[in-house]
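Just so you know, we're using the numbering used here here: the sequence shown kicks off at 26 and counts up by one.
Where is the CB? At the ideal position from N, CA and C, for every residue including glycine.
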Amino acid sequence: MFEIYLSSYSKRIYRKRAKITSIVGIFVIIAISSLLHFGFDFFGRIKASAVIFAVNDSVWEHLKIGFFGGLIFYIIEFIIYGKKFDNFIVGKSVALFLIPFLTAVFFYTYTAFLENNLILDILTFVLAVIIAQFVSLGITLSNRKVKKGPFVLLLIIMLVLFPLFTYFPPKIPELFYDFAHKRYGM
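Rendered as structure tokens:
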């Protein structure tokens, strides 16, 4: 009887920790992503660092730093308590998809009607992170067991494509061209 109570108590503690960490994670992901924005220049434009750092001001590079900012935070979160939740990897994989996807949707929606604006750019990213965090939390805390396979595959695809298209950007101006520096890629 005592073990059942302890197990139930332990689950409540981890669920509460997950909720708090999700809110804190909003700020941490934004901070990490901000650091990733400037890391390439800070580390002397070393080509290997382009895997996670933004190499220019294209939309793609901004989506990439959101993805890797989230990934870094979720790895830390997994080490601390992620193994306690069956759906942790699924929830975080969905969040890692949503952060760049929603950032792009919000960015292209507002720029269809308004001129590009740094404050609105930042707000689109912040809103995407907030939504991704709460969707992720809902999935992570869900009692319904979800198969990890498709979500791990999605995560692997994103892990490959973000760096790949940094080094070999497709000639799609709306996504990969850095209009400020008039170039693709590095």
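Alpha-carbon spacing of residue i relative to residue j, whole angstroms
{"i": "W85", "j": "V185", "result": "14 Å"}
{"i": "I29", "j": "K109", "result": "Caution is warranted here: a pLDDT of 43 is assigned to I29, below 50, making its placement in the model unreliable, and no coordinate value can be reported."}
{"i": "G69", "j": "K170", "result": "45 Å"}
{"i": "R208", "j": "L139", "result": "24 Å"}
{"i": "D66", "j": "V80", "result": "8 Å"}
{"i": "Y106", "j": "H206", "result": "42 Å"}
{"i": "G19", "j": "R37", "result": "Past the edges of the chain, shown from 26 to 211, lies residue 19, and the structure says nothing about it."}
{"i": "K117", "j": "L148", "result": "21 Å"}
Environment of residue i [buried if 16+ CB atoms lie within 10 Å]
{"i": "S35", "result": "exposed"}
{"i": "M183", "result": "buried"}
{"i": "V130", "result": "exposed"}
{"i": "A153", "result": "buried"}
{"i": "P198", "result": "exposed"}
{"i": "V115", "result": "buried"}
{"i": "N112", "result": "buried"}
{"i": "P194", "result": "buried"}
Identity of the residue in the options nearest residue i by Cα
{"i": "L16", "options": "L61, F67, I156 and A73", "result": "Nothing about residue 16 can be read from this structure; the chain reaches only from 26 to 211."}
{"i": "F187", "options": "I164, V76 and V53", "result": "V76"}
{"i": "R40", "options": "L166, K172, P195 and F176", "result": "L166"}
{"i": "L178", "options": "E102, V119 and T136", "result": "V119"}
{"i": "Y202", "options": "S83, V49, I104 and I155", "result": "S83"}
{"i": "G64", "options": "R42, E102 and F93", "result": "F93"}
Proximity below 8 Å, CB of residue i to CB of residue j
{"i": "V151", "j": "I55", "result": "yes"}
{"i": "L162", "j": "S58", "result": "no"}
{"i": "L121", "j": "L180", "result": "yes"}
{"i": "V160", "j": "L123", "result": "yes"}
{"i": "T191", "j": "G174", "result": "no"}
Presumed contact (8 Å Cβ cut-off) between residue i and residue j, rounded CB distance
{"i": "D146", "j": "F132", "result": "7 Å"}
{"i": "Q158", "j": "I51", "result": "5 Å"}
CB contact check: residue i to chain E, cutoff 8 Å
{"i": "D146", "result": "Within the model displayed, chain E is absent; a lone protein chain is all it includes."}
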